[in-house]
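> According to our numbering, the stretch in the sequence shown is residues 3 to 259, in order. All C-beta atoms in this analysis are idealised placements derived from N, C-alpha and C, irrespective of residue type, glycine included.
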Amino acid sequence: MSRLNVLLLGGTAEASSLARRIADDSRFDGLLSLAGATRSPKPSAIETRIGGFGGADGLARYLREHGVDALVDATHPFAATMSANAAAAAATVSVPCLAVCRPAWAQQAGDRWVRVADMPGAAAALGAAPRTVFLTVGRKDLAPFRAMAQHRYIVRSVDPPPPEDLPRNASFMAARGPFAAEDEERLMRAHRIETVVTKNSGGSATVAKLIAARRLGLPVVMVERPQASGAPVPTVDEAWDWLVARHAETGAARRGV
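#1: Looking at the structure shown, is residue 224 part of a helix, part of a strand, or coil, going by DSSP?
#2: Which same chain residues, not among the five before or five after residue 95, have their C-beta less than 6 Å away from its C-beta?
#3: Starting from residue 20, trace the alpha helix (DSSP H) both ways and give me its first and last residue.
#4: Going along the chain, which unbroken runs of the beta strand (DSSP E) with 3 or more residues stay wholly within the region 184-238?
#5: Measure the alpha-carbon distance for residue 27 versus residue 8 and round it to whole angstroms.
#6: Could you work out which residue in 200, 31, 247 and 213 is closest to residue 111 when comparing CA atoms only?
#7: Pull up the distance between the alpha-carbon of residue 131 and that of residue 105, whole angstroms please.
#8: Just the C-alpha distance for residue 249 and residue 162, rounded to the nearest angstrom, thanks.
#9: Name the residue from 74, 114, 88 and 92 whose alpha carbon lies nearest to the alpha carbon of residue 219.
#10: For residue 128, report the span of its beta strand (DSSP E) as first-last.
#11: Could you pull the start and end residues of the alpha helix (DSSP H) that residue 141 belongs to?
#12: Could you tell me if residue 12 is buried or exposed, where buried requires 16 or more neighbouring beta carbons within 10 angstroms of its beta carbon?
#13: Assuming residue 83 is part of the alpha helix (DSSP H), what are its boundary residues?
#14: Based on the DSSP secondary-structure assignment, which residues constitute the bridge partners of residue 134?
#15: Quick test of your reading: residue 183 and residue 210, contact by CB under 8 Å. State the CB separation rounded to the nearest angstrom.
#16: Would residue 158 be called buried (16 or more neighbouring beta carbons within 10 Å of its own) or exposed?
#17: Taking residue 44 and residue 18 to be in contact with their CB atoms under 8 Å, please state how far apart those CB atoms are, rounded to whole angstroms.
#18: Beta-carbon within less than 8 Å of residue 120's beta-carbon, same chain only, minus the 5 sequence neighbours each way: which residues are those?
#19: Quick check on DSSP: helix, strand or coil for residue 77?
#20: Buried or exposed for residue 259, please, with buried defined as at least 16 other CB atoms from any protein chain shown within 10 angstroms of its CB.
#21: Per DSSP, which residues does residue 71 bridge with? Please list them.
#22: If you check the beta carbons only, do residue 33 and residue 49 fall under 7 Å apart?
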């Protein structure tokens, strides 16, 4: 049986799920590529590489040299540069490419969202009056908040940032989702959180903080997503159907059908 050589750009729950399906199906050979943003990523069901490719040109070269038959971009919704590079590289070498991007969170009744376009906007939205902020934007996006030193920050991410990257009045906690709403509510009460700051990442793993903020009547500064490249599919099932179709097409082409 002809096997489809798949390069999976990951770092999300969707990528992990696809990797498990690829590992369990003899029609596919798969490689998971991680950018290396997380120091201790979860083990993958398929072989993993860590590190960048050198932009769109480097990725195109990799696709060509490694005989990749299909590229799946299942990176984080905020990994706009990587997604753009994936689309450009695939177009350059005529490799079929699909992006998987979970739906964004939608504001619900009782939510007090302040929508902003970027991290500087999020820091500015906190205002001048000192407040206690639950900051859940990732360890690489803390710089704008260091300038807003009047606030007290509870910073949570998977990996600890360098101490010099933390705002002056900040406490750090390392944690990886999924989280439960009851636990998030207890945390916010215990630390007397007044505002939550987050990216609109979507998905179920970290949505509990929004539920907790809604219950407590807390404002949420919501950083909106960058514009997605192309037209991504929202679910793993749709991505899997696409891969199965690519296998059938590729197999037929190799047989000269």
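Quick look at the numbers:
#1: Along the sequence shown, one-based indexing puts residue 224 at 222. Three-state DSSP puts residue 224 in a strand.
#2: By one-based count along the sequence shown, residue 95 stands at place 93. The answer, listed in chain order, is 62, 65 and 66.
#3: If you number the sequence shown from 1, residue 20 lands on position 18. 15-25 is the span of the alpha helix (DSSP H), which, as asked, contains residue 20.
#4: Every beta strand (DSSP E) stretch that sits fully inside the region 184-238 and reaches 3 residues is listed by chain position as 197-201 and 221-225.
#5: Walking along the sequence shown from the start, residue 27 turns up at place 25. Walking along the sequence shown from the start, residue 8 turns up at place 6. In a straight line, the C-alpha of residue 27 is about 12 Å away from that of residue 8.
#6: Stepping through the sequence shown from its first residue, residue 111 is reached at position 109. The shortest Cα separation from residue 111 among 200, 31, 247 and 213 belongs to 213.
#7: Position 129 of the sequence shown holds residue 131. Position 103 of the sequence shown holds residue 105. Straight-line Cα distance between these residues: approximately 34 Å.
#8: Translated into positions along the sequence shown, residue 249 becomes position 247. Translated into positions along the sequence shown, residue 162 becomes position 160. Each residue's alpha carbon lies about 41 Å from the other.
#9: In the sequence shown, residue 219 corresponds to position 217, counting from 1. Among 74, 114, 88 and 92, the Cα nearest to that of residue 219 belongs to 114.
#10: Position 126 of the sequence shown, counted from the start, is the residue given in the question as residue 128. It is not in any beta strand (DSSP E) - residue 128 carries neither H nor E in the DSSP assignment.
#11: Counted from its first residue, the sequence shown places residue 141 at position 139. Premise fails: residue 141 is in no alpha helix (DSSP H) and is neither H nor E.
#12: Numbered from 1 along the sequence shown, position 10 holds the residue referred to as residue 12. The Cβ neighbour count for residue 12, taken over all protein chains shown within 10 Å, is at least 16; the residue is labelled buried.
#13: On the sequence shown, residue 83 is found 81 positions in, with the first residue counted as 1. For residue 83, the uninterrupted alpha helix (DSSP H) segment begins and ends at 82-95.
#14: Counted from its first residue, the sequence shown places residue 134 at position 132. For residue 134, which the question treats as bridged, DSSP gives the partners 154.
#15: By one-based count along the sequence shown, residue 183 stands at place 181. By one-based count along the sequence shown, residue 210 stands at place 208. So it is a contact: roughly 4 Å between Cβ atoms.
#16: Taking the sequence shown and counting its residues from 1, the one referred to as residue 158 is at position 156. Classification of residue 158: buried, given that the 10 Å Cβ count is 16 or more.
#17: Reading the sequence shown from its first residue, position 42 is the one you call residue 44. Reading the sequence shown from its first residue, position 16 is the one you call residue 18. That pair is a contact at about 7 Å.
#18: Working through the sequence shown from its first residue, we reach residue 120 at position 118. Hits under 8 Å: 225.
#19: By one-based count along the sequence shown, residue 77 stands at place 75. Of the three classes helix, strand and coil, the one that applies to residue 77 here is coil, per DSSP.
#20: Within the sequence shown, the letter at position 257 stands for residue 259. Model confidence at residue 259 stands at a pLDDT of 48, short of 50, so the residue's coordinates are unreliable and nothing is read from them.
#21: Taking the first residue of the sequence shown as position 1, residue 71 is located at position 69. Beta-bridge pairing links residue 71 to no other residue.
#22: Along the sequence shown, read from residue 1 onward, the residue named residue 33 stands at position 31. Along the sequence shown, read from residue 1 onward, the residue named residue 49 stands at position 47. Taking 7 Å as the Cβ cut-off, residue 33 and residue 49 qualify as a contacting pair.
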